[in-house]
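**Q**
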Amino acid sequence: MTMHEERRPVEPQDLFRLTLLQGARVSPDASTVVYAASTIRQDGPAKEDAKDGEEKEYVALWLLNLHSSQVRQLTTGLAKDSNAQWSPDDSQIAFLSTRDEKPQIYTIPVSGGEARRVTFLKQGAGGGAVWSPDGQRLAFAAPADADPPDRDRPYRITRNMYRFDAAGYLDGVAHDIWVVDVAGGEPRKLTDDGCQNSMPVWSPDGSELLYLASLFPDEYRMYARLRAVNLDGNVREIIGDRGNVLAMTWTPDGQQIVYIGGAHGRPIGSKQDLWVVDRAGGTPVCRTTSLPNGVGGSLQPDMAAFGDIATAAILVTADATAAFVQSQEGGTVRIVRVALRGQEEVVPVVTGDRACVPLDLVGDKLLFAASRLDNPADLYCCTGVGSDEQQLTHLNDDVLSTLELPAVEHLQFHGTDGVPVEGWLLKPSHGQAPYPTILYIHGGPHSGFGHMFSFDFQMLAGAGYAVLFVNQRGSTGYGDAFATAIIGDWGNLDYGDLMAGVDAAVAQGLADPERLGVCGLSGGGNLSSWIVGQTARFKAAVPENPVTNWVSFYGVSDIGPWFAVEELGGKPHEIPEVYRRCSPITYAHRCTTPTLLVQGEADYRCPAEQSEQFFAVLKANGCPVEMLRLPASSHAGSIRGDLALRRAQNDALLEWMNRYVLADPSS
1315 MTMHEERRPV
1325 EPQDLFRLTL
1335 LQGARVSPDA
1345 STVVYAASTI
1355 RQDGPAKEDA
1365 KDGEEKEYVA
1375 LWLLNLHSSQ
1385 VRQLTTGLAK
1395 DSNAQWSPDD
1405 SQIAFLSTRD
1415 EKPQIYTIPV
1425 SGGEARRVTF
1435 LKQGAGGGAV
1445 WSPDGQRLAF
1455 AAPADADPPD
1465 RDRPYRITRN
1475 MYRFDAAGYL
1485 DGVAHDIWVV
1495 DVAGGEPRKL
1505 TDDGCQNSMP
1515 VWSPDGSELL
1525 YLASLFPDEY
1535 RMYARLRAVN
1545 LDGNVREIIG
1555 DRGNVLAMTW
1565 TPDGQQIVYI
1575 GGAHGRPIGS
1585 KQDLWVVDRA
1595 GGTPVCRTTS
1605 LPNGVGGSLQ
1615 PDMAAFGDIA
1625 TAAILVTADA
1635 TAAFVQSQEG
1645 GTVRIVRVAL
1655 RGQEEVVPVV
1665 TGDRACVPLD
1675 LVGDKLLFAA
1685 SRLDNPADLY
1695 CCTGVGSDEQ
1705 QLTHLNDDVL
1715 STLELPAVEH
1725 LQFHGTDGVP
1735 VEGWLLKPSH
1745 GQAPYPTILY
1755 IHGGPHSGFG
1765 HMFSFDFQML
1775 AGAGYAVLFV
1785 NQRGSTGYGD
1795 AFATAIIGDW
1805 GNLDYGDLMA
1815 GVDAAVAQGL
1825 ADPERLGVCG
1835 LSGGGNLSSW
1845 IVGQTARFKA
1855 AVPENPVTNW
1865 VSFYGVSDIG
1875 PWFAVEELGG
1885 KPHEIPEVYR
1895 RCSPITYAHR
1905 CTTPTLLVQG
1915 EADYRCPAEQ
1925 SEQFFAVLKA
1935 NGCPVEMLRL
1945 PASSHAGSIR
1955 GDLALRRAQN
1965 DALLEWMNRY
1975 VLADPSS
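Position in the sequence shown (first residue = 1) + 1314 = our numbering.
#1: What did DSSP end up calling Lys1853 once you bin it into helix, strand or coil?
#2: Taking DSSP as the reference, what is the three-state secondary structure of Gln1963?
#3: Quick check: the Cα distance between Ala1691 and Asp1616, rounded to an integer number of angstroms?
#4: Start and end of the beta strand (DSSP E) containing Met1513?
#5: Can you check whether the CB of Val1856 is closer than 8 Å to the CB of Val1784?
#6: In terms of residues, what are the limits of the alpha helix (DSSP H) holding Trp1983?
#7: Determine, using beta carbons only, whether Gly1834 and Gly1791 come nearer to each other than 8 Å.
#8: According to DSSP, is Leu1524 helix, strand or coil?
#9: I'd like to confirm the pairing. Which residues does DSSP put opposite Trp1804 in its beta bridges?
#10: Spatial neighbours of Asp1519 within its chain, please: C-beta separation below 6 Å, excluding the five flanking residues on both sides.
#11: In angstroms, rounded to a whole number, what distance separates the CA positions of Ser1947 and Gly1914?
#12: Identify every residue that forms a DSSP beta bridge with Phe1783.
#13: Does DSSP put Ala1360 in a helix, a strand or coil?
#14: Excluding the five sequence neighbours on either side, which residues of its own chain have a C-beta within less than 7 Å of the C-beta of Glu1325, listed in chain order?
#15: Using 8 Å as the cut-off, can you tell me whether the stretch 1732-1752 makes contact with the stretch 1403-1419, which would need three or more C-beta pairs spanning the two stretches below that distance?
#16: Check whether the stretch 1713-1722 touches the stretch 1931-1942, counting contact only when three or more Cβ pairs, one atom from each stretch, lie closer than 8 Å.
#17: Between the Cα of Tyr1476 and those of Glu1428, Ala1439 and Ser1528, spot the shortest distance and give me the residue it belongs to.
#18: For Glu1362, which residues in the same chain have their Cβ closer than 6 Å to its Cβ, ignoring the five residues on either side in sequence?
#19: Suppose you measure from the CA of Asp1404 to the CA of Ala1799; what does that come to, to the nearest Å?
#20: DSSP three-state call for Pro1457: helix, strand or coil?
#21: Going by DSSP, which residues form a beta bridge with Glu1718?
#22: For the beta strand (DSSP E) containing Phe1985, list its first residue and its last residue.
#23: CA-CA distance, Val1647 and Pro1468?
#24: What whole-angstrom Cβ distance do Pro1501 and Leu1435 have, given they're in contact under 8 Å?
#25: Residues in the same chain with beta-carbon distance under 8 Å from Pro1514, minus the five sequence neighbours each way, listed in chain order, please.
#26: Residues bridged to Leu1377 by DSSP?
#27: Apply the 10 Å Cβ neighbour rule to Gly1610 and answer buried if 16 or more other Cβ atoms are within range, or exposed otherwise.
#28: Where does Lys1933 sit, in a helix, a strand or coil, going by DSSP?
#29: When the Cα atoms are used, what is the spatial distance from Thr1849 to Asp1817?
#30: For chain B, find out if any of its Cβ atoms is closer than 8 Å to the Cβ of Asp1479; answer yes or no.
#31: Applying the criterion that 16 or more other CB atoms from any shown protein chain within 10 Å of the CB defines a buried residue, is Ser1987 buried or exposed?
#32: Report, in whole angstroms, the separation of the C-beta atoms of Asp1917 and Asn1859, which I expect to be a contact under 8 Å.
#33: For Asp1826, verify whether its CB is less than 7 Å away from any heavy atom of the ligand HEM.
#34: Would you give the residue range spanned by the beta strand (DSSP E) that Arg1539 belongs to?
#35: Within 10 angstroms of the Cβ of Thr1333, are there 16 or more other Cβ atoms? Answer buried if so, exposed if not.
#36: Are there three or more Cβ pairs, one per stretch, closer than 8 Å when the stretch 1665-1672 is compared with the stretch 1634-1649?
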């Protein structure tokens, strides 16, 4: 862009101009980074299947030389190539690709050439492959090597948790741990228990694999347990049922296991800690008791790419004395160094107003991704003490340089009980305060917003709205008391915090009290639905995939029988008044706010009947209401699904807010 060219506001189509980072790894010799990046365009092998004006997403692998900074494309970018892993000798990269009908595992020489297909599984591989220490085998998770069950014929269900959002009905598609020789041959299944087994990690001696087992056929919880399986298929428990496990790895000497998880019996929303346990098992030792927000926390993503790489990684130093992990701190995510031996010690290494994710550690070179409010994500590296930070990629500089990005105001205020709460307001680049303002509410509810790129925020600001986002009670990053304050009392303190945030923005002359809208996904959809039954101060509402009726949610959601119990404090027949009081449907008859419900038709987390009930009550009571239904869309379908779903969600959100928030009340 020349100095004479002007920037313009962000428009909905700009989402499809972005290049999105989807993971990266450093070569064992620390000379090169392989990273995956997605682009959206109308060419490639899927072009003939696309309708006019319909884009497709492609993901290519790239090699970045850390000495020369030269970048070379490794794969064609005519499919989705992801989950890249270096071979121990630096010569090959294993990756997952959709270039065939189902995702399969491939290898490709680092020097270039044709990729070679390793697996030919009928249902495809369920995740990326990891190399054995000797470079002879690959381990991965995948469903049974058989045709999926025919759901067009009658079938019987026996599992407690029988379906799972974005996965479908679990019989016949639950994942196991497999190994395959790199040279070729039939993959061998090591587990066979009906669980959802994932995230295999080789022991340094190559004799067994750590993995996570969840979605047990005879349980309702989705908590994961830490297990190990040897190459003969013998499975052993490492820590038993001590609480949910998010991530794990071995120490380089193979004598201990380091994992992120919660202690059994803590309330839902409580912090996760870093633990160390001997390889043989036993009692784990917590290494982060003094860290108020624990480790592994993240902010709510707005796009699949950063959401996929923002998983809780554990990077252990070569001498096994420390590990690097992410830790949420309010509206930021930093990387900390945690001592694994001796006195407990946690040292911040990578900080700032951003969301950071540790990706790899080779020697003293720490590779991480970072996103800011004004940048989706780029790669960075630094030393293990946080010095000499270097930005490695500039994936969206060209696009962002053409756009007017909003300034941010940090808001601090107090909830109805006097507890400090924080939020942020993005100011549109055009127009004058007080601005028409959208209160955008995060889901979870135990998650948070903050210094991470959100396209919806940018799009709304580009359309002339201020965007207010608050980390209300229930959010993580502010200690366990803050995160668990809503248990058994949804719609009280959290609602008060949100209204206090709106009041603060109005009092500071930033938000126009006569031009307010509210929206949110999942838990944010729940609170959006709650709000319009409590107040008429908002001119428009767009709840997406909300919880509106806790009683029916208990029976129809894939997580209902445990999530509702943990969040509300009991089963529906035990505490019926709590279920009634905390359900937005109870107050829906009072709603006068024009409401657009956005609902994924394949959402098993907050099924369509939740929106349908709310829609019916609003219609019956004369409130302006419409419903946008997204076919074949899961709970986060507008984020992770087909691009047409995100386009429909974006367009509908803008149109509804423009129709009612900006409407002339005298007309």
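Where a beta carbon is used, it is the ideal one built from N, C-alpha and C, also for glycine.
**A** Short version:
#1: To locate residue 1853, count along the sequence shown from 1; it is residue 539. Coil.
#2: Position 649 of the sequence shown holds residue 1963. Looking at Gln1963 - three-state DSSP - the assignment turns out to be helix.
#3: Indexing the sequence shown from 1 puts residue 1691 at position 377. Indexing the sequence shown from 1 puts residue 1616 at position 302. Taking the straight line from one Cα to the other gives about 12 Å.
#4: The residue you call residue 1513 lines up with position 199 of the sequence shown. From DSSP, the beta strand (DSSP E) with Met1513 extends over Gln1510 to Trp1516.
#5: Here the question's residue 1784 lines up with position 470 in the sequence shown. Here the question's residue 1856 lines up with position 542 in the sequence shown. No, the pair does not count as a contact, with Cβ atoms beyond the cut-off.
#6: Residue 1983 lies beyond the residue range present for the chain, which begins at 1315 and ends at 1981; the question has no answer from this structure.
#7: One-based indexing of the sequence shown puts residue 1834 at position 520. One-based indexing of the sequence shown puts residue 1791 at position 477. No; because the gap between Cβ atoms is not below 8 Å, this pair is not in contact.
#8: Position 210 of the sequence shown, counted from the start, is the residue given in the question as residue 1524. Here Leu1524 sits in strand by DSSP.
#9: The residue you call residue 1804 lines up with position 490 of the sequence shown. Per DSSP, none; premise fails for Trp1804.
#10: Taking the sequence shown and counting its residues from 1, the one referred to as residue 1519 is at position 205. The residues are Gly1568.
#11: Here residue 1947 refers to the residue found at position 633 when the sequence shown is read from its first residue. Here residue 1914 refers to the residue found at position 600 when the sequence shown is read from its first residue. The alpha-carbon atoms of Ser1947 and Gly1914 are separated by roughly 5 Å.
#12: Taking the first residue of the sequence shown as 1, we reach residue 1783 at position 469. DSSP output for Phe1783 lists Trp1738 as bridge partner(s).
#13: Counting from 1 along the sequence shown, the entry for residue 1360 is found at position 46. Low local confidence applies: a pLDDT of 46 at Ala1360 is under 50, so the model's placement there is unreliable, with the coordinate-based value given in what follows. Coil, per DSSP.
#14: Counted from its first residue, the sequence shown places residue 1325 at position 11. Excluding sequence neighbours, Glu1325 sits near Gly1776.
#15: no
#16: no
#17: Residue mapping note: residue 1476 aligns to position 162 of the sequence shown, counting from 1. For the residues Glu1428, Ala1439 and Ser1528, the minimum Cα distance to Tyr1476 belongs to Ser1528.
#18: Counting from one through the sequence shown, the residue named residue 1362 turns up at place 48. Reliability fails at Glu1362, whose pLDDT of 42 lies under 50, so the model's placement of it is uncertain and the value that follows must be treated cautiously. Hits under 6 Å: none found.
#19: Locating residue 1404 in the sequence shown gives position 90, counting from the first residue. Locating residue 1799 in the sequence shown gives position 485, counting from the first residue. Approximately 49 Å, taken between the alpha carbons.
#20: Reading the sequence shown from its first residue, position 143 is the one you call residue 1457. Three-state DSSP puts Pro1457 in coil, outside helix and strand.
#21: To locate residue 1718, count along the sequence shown from 1; it is residue 404. Pro1323, per the DSSP bridge assignment.
#22: The displayed coordinates of the chain run from 1315 to 1981. Any statement about residue 1985 would go beyond what the structure contains.
#23: Residue mapping note: residue 1647 aligns to position 333 of the sequence shown, counting from 1. Residue mapping note: residue 1468 aligns to position 154 of the sequence shown, counting from 1. The straight-line gap from Cα to Cα measures roughly 48 Å.
#24: Here residue 1501 refers to the residue found at position 187 when the sequence shown is read from its first residue. Here residue 1435 refers to the residue found at position 121 when the sequence shown is read from its first residue. Their Cβ separation, rounded to whole angstroms, is 7 Å, which keeps Pro1501 and Leu1435 in contact under 8 Å.
#25: Counting from one through the sequence shown, the residue named residue 1514 turns up at place 200. Hits under 8 Å: Val1444, Ala1453, Phe1454, Ala1455, Ile1491, Leu1523, Leu1524 and Tyr1525.
#26: Mapped onto the sequence shown, residue 1377 falls at position 63. For Leu1377, which the question treats as bridged, DSSP gives the partners Val1348 and Arg1386.
#27: Position 296 of the sequence shown holds residue 1610. So Gly1610 counts as buried.
#28: Taking the sequence shown and counting its residues from 1, the one referred to as residue 1933 is at position 619. Reduced to three states, the DSSP call for Lys1933 is helix.
#29: Counting from 1 along the sequence shown, the entry for residue 1849 is found at position 535. Counting from 1 along the sequence shown, the entry for residue 1817 is found at position 503. If you take the alpha carbons of Thr1849 and Asp1817, they lie about 13 Å apart.
#30: The structure shown has no chain B; it contains just one protein chain.
#31: Coverage of the chain is limited to positions 1315 through 1981, which leaves residue 1987 absent and any answer about it impossible.
#32: Translated into the one-based positions of the sequence shown, residue 1917 becomes position 603. Translated into the one-based positions of the sequence shown, residue 1859 becomes position 545. About 5 Å separates the two Cβ atoms, so the contact holds.
#33: The model depicted lacks the ligand HEM and carries no ligand whatsoever.
#34: Numbered from 1 along the sequence shown, position 225 holds the residue referred to as residue 1539. Where Arg1539 is concerned, the enclosing beta strand (DSSP E) stretches over Arg1539 to Asn1544.
#35: The sequence position of residue 1333 within the sequence shown is 19, counting from 1. With 16 or more Cβ atoms within 10 Å of its Cβ, Thr1333 is classed as buried.
#36: yes
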